[in-house]
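J.:
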Amino acid sequence: MSEWKKIQLKELIDIKHGYAFKGEFFSEVPSNNLLLTPGNFYIGGGFKDDKFKYYVGNIPNEYILSEGDVIVTMTDLSKAGDTLGYSAKIPKSDKLFLHNQRLGLIEIISDKVDKDFIYWLLRTRNYQKTIVNSCSGSTVKHTSPTKIRDYNFLCPPLEEQKAIAAVLSCLDAKIENLRKQNETLEAIAQTLFKHWFIDFEFPFDFAQGKPNEDDKPYKSSGGAMIPSELGEIPEGWRVGQFSDFFDLLSGGTPKTSIPEYWNGNIKWLSAKDVTRNHAGFILETEKTITELGIKKSAAKILPQYTTIVSARGTVGNYCMLSEEMAISQSNFGVIAKEKNKIFYGFLLISSLIERLKKSSYGSVFDTVTARNFKELKIITPDKQKIITFENAVKPIYNKILLHSNEIQTLTKTRDTLLPKLMSGQLRVKDLSL
Numbered sequence: 002m003s004e005w006k007k008i009q010l011k012e013l014i015d016i017k018h019g020y021a022f023k024g025e026f027f028s029e030v031p032s033n034n035l036l037l038t039p040g041n042f043y044i045g046g047g048f049k050d051d052k053f054k055y056y057v058g059n060i061p062n063e064y065i066l067s068e069g070d071v072i073v074t075m076t077d078l079s080k081a082g083d084t085l086g087y088s089a090k091i092p093k094s095d096k097l098f099l100h101n102q103r104l105g106l107i108e109i110i111s112d113k114v115d116k117d118f119i120y121w122l123l124r125t126r127n128y129q130k131t132i133v134n135s136c137s138g139s140t141v142k143h144t145s146p147t148k149i150r151d152y153n154f155l156c157p158p159l160e161e162q163k164a165i166a167a168v169l170s171c172l173d174a175k176i177e178n179l180r181k182q183n184e185t186l187e188a189i190a191q192t193l194f195k196h197w198f199i200d201f202e203f204p205f206d207f208a209q210g211k212p213n214e215d216d217k218p219y220k221s222s223g224g225a226m227i228p229s230e231l232g233e234i235p236e237g238w239r240v241g242q243f244s245d246f247f248d249l250l251s252g253g254t255p256k257t258s259i260p261e262y263w264n265g266n267i268k269w270l271s272a273k274d275v276t277r278n279h280a281g282f283i284l285e286t287e288k289t290i291t292e293l294g295i296k297k298s299a300a301k302i303l304p305q306y307t308t309i310v311s312a313r314g315t316v317g318n319y320c321m322l323s324e325e326m327a328i329s330q331s332n333f334g335v336i337a338k339e340k341n342k343i344f345y346g347f348l349l350i351s352s353l354i355e356r357l358k359k360s361s362y363g364s365v366f367d368t369v370t371a372r373n374f375k376e377l378k379i380i381t382p383d384k385q386k387i388i389t390f391e392n393a394v395k396p397i398y399n400k401i402l403l404h405s406n407e408i409q410t411l412t413k414t415r416d417t418l419l420p421k422l423m424s425g426q427l428r429v430k431d432l433s434l
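Basically the numbering used here = 1-based index in the sequence shown + 1.
(1) Measuring straight from C-alpha to C-alpha, what distance separates Gly69 and Asn62?
(2) Compare the beta carbon distance of Ile302 and Met326 with 8 angstroms and say whether it is the shorter of the two.
(3) Ordered along the chain, which non-local residues of its own chain (more than five positions away) have a Cβ less than 8 angstroms from that of Leu36?
(4) Cutting at 7 angstroms between CB atoms, please list the residues of its own chain near Val71, excluding the five before and the five after it.
(5) Secondary structure at Cys171, three-state DSSP: helix, strand or coil?
(6) For the stretch 189-198 against the stretch 162-177, do three or more pairs of beta-carbon atoms, one drawn from each stretch, fall closer than 8 angstroms, so that the two count as touching?
(7) Among the candidates Ile234, Gly138, Ala393 and His18, whose CA atom is the shortest distance from the CA of Ser147?
(8) Identify the continuous alpha helix (DSSP H) that holds Glu407 and give its terminal residues.
(9) What are the complete beta strand (DSSP E) segments, minimum 3 residues, inside the stretch 289-339?
(10) Under DSSP, the alpha helix (DSSP H) around Asp248 begins and ends at which residues?
(11) If you draw a straight line from the C-alpha of Gly232 to the C-alpha of Arg239, how long is it?
(12) For Gly105, which residues does DSSP report across the bridge?
(13) So what's Asn59 in DSSP terms, helix, strand or just coil?
(14) Is it buried or exposed for Thr185, if we count other Cβ within 10 angstroms and need 16 for buried?
(15) Taking buried to mean at least 16 other C-beta atoms within 10 Å of its own C-beta, is Leu85 buried or exposed?
(16) Distance, Cα to Cα, Ala371 vs Ser311?
(17) Under 7 angstroms Cβ to Cβ from Lys400, same chain only, skipping five residues before and after it: list those, please.
(18) Could you round the C-beta distance between Leu13 and Lys113 to whole angstroms and report it? I think they count as a contact, below 8 angstroms.
(19) Given a cut-off of 8 angstroms, decide if Thr125 and Thr419 are closer than it, judged by their beta-carbon atoms.
(20) Helix, strand or coil: which one does DSSP assign to Leu123?
(21) So Ile336 packs on Leu250, CB below 8 angstroms; how close in whole Å?
(22) Can you grab the Cα-Cα spacing for the pair Leu432 / Leu422, in whole Å?
(23) Which residue wins for smallest C-alpha separation from Ser352, given the options Tyr319, Asn332, Lys338 and Ser329?
(24) Leaving aside the five residues before and after Gly82 along the sequence, list all residues of the same chain whose C-beta is less than 7 angstroms from its C-beta, in chain order.
(25) Which residues in the same chain have their Cβ closer than 6 angstroms to the Cβ of Asn183, if we skip the five residues on either side of it in sequence?
(26) Classify Ile65 as helix, strand or coil using the three-state DSSP reduction.
(27) Which one of Leu122, Lys80 and Gly45 has the shortest CA to CA distance from Gly425?
(28) If you draw a straight line from the C-alpha of Met2 to the C-alpha of Gly138, how long is it?
(29) Tell me the rounded alpha-carbon separation between Gly223 and Asp216.
(30) Name the one or two DSSP bridge partners that Cys156 has.
(31) With burial defined as no fewer than 16 other Cβ atoms inside 10 Å of the residue's Cβ, what is the status of Lys288: buried or exposed?
(32) Any contact between the stretch 144-159 and the stretch 31-51? By contact I mean 3 or more CB pairs, one from each, below 8 angstroms.
(33) Where does Thr38 fall in DSSP's three states?
(34) Can you list, in chain order, the residues of its chain with a C-beta nearer than 8 angstroms to that of Val93? Leave out the 5 residues immediately preceding and following it.
(35) From which residue to which residue does the beta strand (DSSP E) around Phe205 run?
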């Protein structure tokens, strides 16, 4: 370790402020011009590409980011400063990523440091804690290039920097690959649902008068349609209330003042957990409770594959339980009255979110009630159609869950190695990879 030298970031990097893009040209309509914000950072760092803002105004060329650029968050709206100071790396893309004023761009000014090593250094908890402790603002937390560049750390020789970054980047690449595979699988399931139950183009054997996965699409091949209050639907289908087909369950929160109710072996799902796992399987929760906590509160344990919808916080986010879990009153659990509607129900919820938003009370979508759900009118296919669909998508979701567990294992490995490699507690040469 004698070759590791204590140094300040200011000796190695500069940080360039972003551009004040004009709010009048912000857009929610997808385009090639992606305006990056702190929302594009995972807690813990890394590039998050599931939510973008778009820009339709003139763009200064010097504020267009390139593949491999390292950026950091300069502001954060959360109480704990969840993403403040963390880094992300610009991915390969045919779109334009725009350098917004709320972000800093890392510029290397020394030949003694590797940019990928700096990227990982800025993802360490010790660094980020230092930045949060020195930030200004209470509601909106701010940091600055000066505060980031004042950070002190032990810096290894250049070759070891590269070796450390290579190990961590390899794990990250595996995680990202699995994420992308899951996105593709989810898109396949969503497309299949839309094709069958919104466009009414499920495969149908007209000679036999029954579904057949090798036959013609129903509606466009002249399948019989009948009128309904929700428009034309296939013959044999019907319209009913959501509550006719699904049970809606709420939960509760054990008293936080009683320690015996908390830190048990029962995972307890809050709205915050749902937000972090939107549209996917949830594997872990921030908090756990005990059997006594269940008995002494309204919290309920719900079965694996229950669809969860957040009723508060980021309202309308949804996910699926990977195992039995308890839920808080900030969430609803959606369980099909018939077992053969598990994945159909999950995909139905995703298609109903916009309708749920429109049916919520108040001028803004800040809460959703049981009544919003129960009174929703939905189109319901015949039982055999749903069974056939479930059989088609079950292998897809089994694979998504398998990948999600692999992602969790790789993430834990990466997050365990990160501080140890960065501090010299563990050396790359000692790893069995």
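Think of the CB as a built atom: it goes at the ideal place given N, C-alpha and C, for glycine as much as any other residue.
T.: In short:
(1) As a working note, residue 69 is residue 68 in the sequence shown. As a working note, residue 62 is residue 61 in the sequence shown. When rounded, the distance between both Cα atoms is 17 angstroms.
(2) In the sequence shown, residue 302 corresponds to position 301, counting from 1. In the sequence shown, residue 326 corresponds to position 325, counting from 1. Yes, the Cβ-Cβ distance between Ile302 and Met326 is below 8 angstroms.
(3) Mapped onto the sequence shown, residue 36 falls at position 35. Hits under 8 angstroms: Phe22, Phe27, Phe53, Lys54, Tyr55, Tyr56, Leu99 and Asn101.
(4) One-based indexing of the sequence shown puts residue 71 at position 70. Excluding sequence neighbours, Val71 sits near Ser88, Lys90, Ile107, Lys116, Ile119 and Tyr120.
(5) Within the sequence shown, residue 171 is the residue found at index 170, counting from 1. Helix.
(6) no
(7) Reading the sequence shown from its first residue, position 146 is the one you call residue 147. A quick correction: the sequence has Thr, not Ser, at residue 147. The shortest C-alpha separation from Thr147 is found at His18.
(8) What you label residue 407 is simply residue 406 of the sequence shown in a count that begins at 1. Element bounds for Glu407: Lys384 to Ser424.
(9) 301-303, 308-311, 319-322, 326-328 and 332-337
(10) As a first step, residue 248 is located in the sequence shown; it is residue number 247 there, counting from the start. Here Asp248 belongs to no alpha helix (DSSP H); instead the beta strand (DSSP E) covers Phe247 to Leu250.
(11) Locating residue 232 in the sequence shown gives position 231, counting from the first residue. Locating residue 239 in the sequence shown gives position 238, counting from the first residue. Near 11 angstroms, if we compare the C-alpha coordinates of Arg239 and Gly232.
(12) In the sequence shown, residue 105 corresponds to position 104, counting from 1. His18 and Val73.
(13) As a position in the sequence shown, residue 59 is number 58, starting the count at 1. Correct three-state label for Asn59: coil.
(14) Your numbering for residue 185 matches position 184 in the sequence shown. So Thr185 counts as exposed.
(15) By 1-based counting over the sequence shown, the position of residue 85 is 84. Buried.
(16) Your numbering for residue 371 matches position 370 in the sequence shown. Your numbering for residue 311 matches position 310 in the sequence shown. Distance between the alpha carbons of Ala371 and Ser311 is about 11 angstroms.
(17) Taking the sequence shown and counting its residues from 1, one reaches residue 400 at position 399. Hits under 7 angstroms: Leu186.
(18) Here residue 13 refers to the residue found at position 12 when the sequence shown is read from its first residue. Here residue 113 refers to the residue found at position 112 when the sequence shown is read from its first residue. Yes, they are in contact, since the Cβ atoms of Leu13 and Lys113 sit about 7 angstroms apart, within 8 angstroms.
(19) Indexing the sequence shown from 1 puts residue 419 at position 418. Indexing the sequence shown from 1 puts residue 125 at position 124. Contrary to the premise, residue 419 reads as Leu rather than Thr in this sequence. For Leu419 and Thr125, yes; Cβs fall inside 8 angstroms.
(20) Along the sequence shown, read from residue 1 onward, the residue named residue 123 stands at position 122. In this structure, Leu123 counts as coil in the three-state DSSP scheme.
(21) Against the sequence shown, residue 336 aligns to sequence position 335. Against the sequence shown, residue 250 aligns to sequence position 249. With a Cβ gap of about 7 angstroms, Ile336 and Leu250 count as contacting.
(22) The count along the sequence shown starts at 1 and reaches residue 432 at position 431. The count along the sequence shown starts at 1 and reaches residue 422 at position 421. Each residue's Cα considered, the two are about 10 angstroms apart.
(23) Numbered from its first residue, the sequence shown carries residue 352 at position 351. Measuring from the Cα of Ser352, the nearest candidate turns out to be Tyr319.
(24) Within the sequence shown, numbered from 1, the residue matching residue 82 stands at position 81. Closer than 7 angstroms at the Cβ level, and outside the excluded window around Gly82, lie Val133, Cys136 and Lys142.
(25) Walking along the sequence shown from the start, residue 183 turns up at place 182. Taken in chain order, the residues that qualify are Ile401 and His404.
(26) Indexing the sequence shown from 1 puts residue 65 at position 64. Correct three-state label for Ile65: strand.
(27) Position 424 of the sequence shown holds residue 425. Comparing Cα positions, the closest option is Leu122.
(28) Walking along the sequence shown from the start, residue 2 turns up at place 1. Walking along the sequence shown from the start, residue 138 turns up at place 137. Each residue's alpha carbon lies about 38 angstroms from the other.
(29) In the sequence shown, the residue the question calls residue 223 occupies position 222. In the sequence shown, the residue the question calls residue 216 occupies position 215. Gly223 and Asp216: Cα-Cα distance of roughly 13 angstroms.
(30) Counted from its first residue, the sequence shown places residue 156 at position 155. Per DSSP, Lys6.
(31) For the purposes of this step, residue 288 is taken as the residue at position 287 of the sequence shown. Answer is buried; the Cβ neighbour count reaches 16.
(32) no
(33) In the sequence shown, the residue the question calls residue 38 occupies position 37. Reduced to three states, the DSSP call for Thr38 is coil.
(34) As a position in the sequence shown, residue 93 is number 92, starting the count at 1. In the sequence as presented, Val is not what sits at residue 93; that position holds Lys. The residues are Glu68.
(35) In the sequence shown, the residue the question calls residue 205 occupies position 204. Its beta strand (DSSP E) spans residues Pro204 to Asp206.
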